[in-house]
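All remarks here apply to the structure that follows.
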Amino acid sequence: MVPFWYAAIGVLGYLLGSIPAGYLAGRVAGIDIRKGGSGNIGATNVVRVLGKRYGYPVFAVDFLKGLAAVFAATCVAKHLDLTERSAQIFGITAGVCCVLGHSFPIWLRFNGGKGVATSLGVIFGLMPIAALIVVGVWLLTFQLSRYVSVASIVAALALPIMVMLVSHRQHSDNTVVFYFSLCLTAVIILRHRPNLVRLIRGTEPRFRRR
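Next up, the structure:
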């Protein structure tokens with residue numbers, strides 16, 4: 222029975238993550254967001270092309286996708302009366318599939334966003350204190366650099382460190398979450414490879430709101 226539920230929450234997480242909020246916002250505005258700015262369907266490009274009126278709701282939806290996936294998995298784990306470790310694995314399974322769905326949505330030929338907002342939602346569902354600290358790291362880095370990509374990469378690198386420190390502070394065993402955060406960091410950095418190339422070449426645009 223439990224393997225069935227693992228598969229079920231994995232599929233649910235992927236489907237939640239694959240909701241292309243940025244693409245849909247572009248369609249509402251009358252454009253294909255993939256043909257504007259960086260061509261990415263993430264909130265940053267939506268803000269850059271369409272302004273915060275569209276970009277902020279897209280960020281909220283992408284964040285809530287990750288949070289909802291973990292919440293749904295947690296509810297299933299409680300219904301099955303699983304141990305705390307098993308419940309964590311349930312949440313992580315849903316979270317991983319949600320981020321993959323966001324980054325590689327079947328509806329857009331597997332060409333999606335970079336997973337930052339959705340990953341944040343997942344971590345917030347698993348370890349809210351660590352997630353809030355990472356948000357602070359992102360905001361500080363962004364204010365200093367004005368590069369969204371730099372802020373996202375630095376925040377991604379800080380994520381496993383914050384998970385480890387918070388776990389130590391709370392005297393809790395979050396080993397599984399720590400390794401999961403390492404995987405999220407790797408995915409986010411890999412999804413930012415074009416940005417890293419532009420940063421090295423000095424062609425990465427600084428963020429300017431429309």
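Read in order, the letters of the sequence shown correspond to residues 222 to 431 in our numbering.
Even for Gly, the Cβ is constructed at its ideal location relative to N, Cα and C.
Check	Outcome
Distance between beta carbons of L329 and W226, contact taken as under 8 Å	No, W226 and L329 are not in contact; Cβ-Cβ is about 28 Å, not under 8 Å.
Length of the line joining the Cα atoms of T406 and F331	20 Å
Collapsed DSSP secondary structure at Y368 in the structure displayed	coil
Close beta carbons around R419, own chain, < 6 Å, minus the five adjacent residues each side	E425
Continuous alpha helix (DSSP H) stretch holding F292: start and end	273 to 300
Contact under 8 Å by Cβ, A290 with L237	yes
Enclosing alpha helix (DSSP H) for Q309 [first to last residue]	305 to 324
Spatially closest choice to P241 from L386, G322, G260, by CA coordinates	G322
Residue range of the unbroken alpha helix (DSSP H) whose run includes P415	414 to 422
Exposure of C319, with buried meaning 16 or more beta-carbon neighbours within 10 Å	buried
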